[in-house]
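Asks: In the numbering used here, the protein residues as written are 181 to 350.
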Amino acid sequence: MLRLGIDIDGTVTAQDTFVPYLNESFQCAMTLEDMTEYDLTKLLKISQEEFWGWMDQHEPLIYKQAEPAEGAKEILEQMKQQHRLIYITARRQQHSDITYKWFQEHDVHYDAIELVGGHHKLEAVQKHKIDVFFEDHHGNATMIAKKRLTSRLSFLTPITRCRSTTELYA
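Dropping the structure here:
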């Protein structure tokens, strides 16, 4: 039985979850394909302070209303039969209740969920003794892989390599 580490946002949830909220708030017409880097402040041409102010205001609703990625529930249902599913997310701790409630409402199995509050997940990966980590953030995947853990990138974005949930878990 492998201990699988799985990112949540953009991996278990739909890749384009944030897009309509960003478009409405910043009066733009962005698509997922326009998101060519993880630092949205550069894409939106706003400061870090503006971005995190926006996140403070919108994050709870976005996480609550996020839809599962196409095929993710079915794949995770299969994986839980043979592996431990440990979700390690950049979400901040204040979103713990929303996160657990989302998993319950969408009937997505978890053995553990850890909110690390930033993109540095290596410590949590080591703490949970993760064998394989599924991640859409290239920097995290690279850092984890350098520590001799198997790391996989997820889904079709301008940044990652896989085209679907099924391909990711194949």
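Every residue, glycine too, gets a C-beta built ideally from N, C-alpha and C. Note that the coordinates shown come from a computational prediction; the quantities given were computed from them, not determined experimentally.
Express the C-alpha separation of residue 253 and residue 344 in angstroms, rounding to a whole number.
Replies: The pLDDT assigned to residue 344 is 47, lower than 50, so where the model puts this residue is not dependable; a value taken from the coordinates is nonetheless given after this. For residue 344 and residue 253, the distance between alpha carbons rounds to 13 Å.
Asks: Give a yes or no on whether the C-beta atoms belonging to residue 243 and residue 272 are separated by under 8 Å.
Replies: Cβ atoms of residue 243 and residue 272: not closer than 8 Å.
Asks: In the DSSP assignment, the alpha helix (DSSP H) including residue 257 goes from what residue to what residue?
Replies: First-last of the alpha helix (DSSP H) with residue 257: 252-259.
Asks: What three-state label does DSSP hand residue 150 in the structure shown?
Replies: The first residue shown for the chain is 181 and the last is 350, placing residue 150 beyond what the model contains.
Asks: Name the DSSP bridge partner or partners of residue 185?
Replies: DSSP, once it has assigned bridges, lists 266 and 313 as partnering residue 185.
Asks: Which class does residue 294 belong to by DSSP, given the choice of helix, strand or coil?
Replies: Of the three classes helix, strand and coil, the one that applies to residue 294 here is strand, per DSSP.
Asks: DSSP three-state call for residue 322: helix, strand or coil?
Replies: Note: residue 322 maps to helix in three-state DSSP.
Asks: Quick check on residue 247: buried or exposed, where buried means 16 or more other Cβ atoms within 10 Å of its Cβ?
Replies: By the 10 Å Cβ count, residue 247 comes out exposed.
Asks: Between the Cα of residue 269 and those of 221, 224, 321 and 260, spot the shortest distance and give me the residue it belongs to.
Replies: The shortest Cα separation from residue 269 among 221, 224, 321 and 260 belongs to 321.
Asks: Residue 223 and residue 312 - do their beta-carbons sit closer together than 8 Å?
Replies: No.
Asks: Looking at the structure shown, is residue 211 part of a helix, part of a strand, or coil, going by DSSP?
Replies: Looking at residue 211 - three-state DSSP - the assignment turns out to be coil, as it is neither helix nor strand.
Asks: In three-state terms, what does DSSP make of residue 279?
Replies: Residue state, collapsed to three classes: helix.
Asks: Please report the distance separating the alpha-carbon of residue 191 from that of residue 297.
Replies: Straight-line Cα distance between these residues: approximately 17 Å.
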